[in-house]
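Notes follow the structure.
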Amino acid sequence: MLSNYLNLQFDVNGKPVRGFCMRIQDDFHETYAVVLDGYHSFCVWIDNSSTWKSSKYTNVEPGVLDRIINHLSIHKLA
771 MLSNYLNLQF DVNGKPVRGF CMRIQDDFHE TYAVVLDGYH SFCVWIDNSS
821 TWKSSKYTNV EPGVLDRIIN HLSIHKLA
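771 is the number of the first residue of the sequence shown in my numbering; add one for each residue after it.
This is how it looks when you write it as structure tokens:
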């Protein structure tokens, strides 16, 4: 299982992305708060069908969200 905190640092289309994810208490799903430099914070979670979801108003490029979910998936399985 992923620890409660994960640093993020990667490039998407030549743009550096830095921030972190932090597991938050949720009685229904495995949920993480995501805080990125230059973006509004948002949440991602795994729903009951094991599909990653993000907050309704998540406003990041699709590649950024994909990389975050990939990082979480890799570290969750490790």
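Note that the Cβ used here is the ideal one computed from N, Cα and C, for glycine as well.
For clarity, every value in this text was computed on a predicted model and none was experimentally measured.
- The alpha-carbon of Ile844 is positioned some 14 Å away from that of Tyr775.
- Shortest Cα-Cα distance from Pro786 to any of Tyr809, Arg793, Thr801, Tyr827 involves Tyr809.
- Nearest in C-alpha terms to Val804, of all of Asn818, Val834, Phe812, is Phe812.
- Of the other Cβ atoms in all chains shown, fewer than 16 fall within 10 Å of the Cβ of Ile794; this residue is therefore exposed.
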